[in-house]
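Asks: In my numbering, the protein residues as written are 5 to 137. Every residue gets a Cβ at the ideal spot worked out from N, C-alpha and C, and that includes glycine. Please read these numbers as outputs of a predicted model, since none were measured by experiment. Just dropping this structure here.
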Amino acid sequence: MPAVNTSDKLETVTLRCLIVDDNASFLEEASALLRREGLEVVGTASSIDDALERAHELEPDVALVDISLGEESGFDLARRLAESASHPPRVVLVSTHSETELAELIDDAPVAGFVPKVQLSAGALLALLAAAD
5 MPAVNTSDKL ETVTLRCLIV DDNASFLEEA SALLRREGLE VVGTASSIDD
55 ALERAHELEP DVALVDISLG EESGFDLARR LAESASHPPR VVLVSTHSET
105 ELAELIDDAP VAGFVPKVQL SAGALLALLA AAD
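Listed below in structure tokens is the structure:
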């Protein structure tokens, strides 16, 4: 399980994740991978409306959001999550595109950062979140 430092003592906590992607295969594979690596995948969604509802219900610590959600935009979802939730999850964008192609959009979005789908792992997620703190 990931270790998170709180109040000068080290505790082991489970990071609760919501995964948002319009590709059902990716949702299954990413969920299985992150669970194997010790994270708690509390839910999945494939659209903005579904993601907003799931985030409200489940209150995840982090939302992994695909940049391209079919006709919808992961950037739009990131903004809506930041504006609508009382305890918004930290958003990490994922994509098959490279970060350099999207750097300006990522920098302007209310997100903790970006992880390419091919590099997705619990370790990559935890390192990104720690660096964003």
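Quick one: residues in its chain with C-beta nearer than 8 Å to the C-beta of residue 93, no 5 flanking neighbours on either side, listed in chain order?
Replies: 22, 59, 63, 64, 65, 66, 67, 85
Asks: Using 10 angstroms around the beta-carbon of residue 127, count the other beta-carbons present and answer buried if the total reaches 16, otherwise exposed.
Replies: exposed
Asks: Could you tell me the distance, in whole angstroms, from the CA atom of residue 87 to the CA atom of residue 56?
Replies: 11 Å
Asks: Please classify residue 122: does DSSP put it in a helix, a strand, or coil?
Replies: helix
Asks: Do you know offhand how far residue 61's Cα is from residue 46's?
Replies: One C-alpha to the other measures close to 10 Å.
Asks: Since residue 22 sits in a beta bridge, which residues does DSSP pair it with?
Replies: 47, 67
Asks: Buried or exposed: residue 112, going by 16 or more other Cβ atoms within 10 Å of its Cβ?
Replies: With fewer than 16 neighbouring CB atoms inside 10 Å of its own CB, residue 112 falls in the exposed class.
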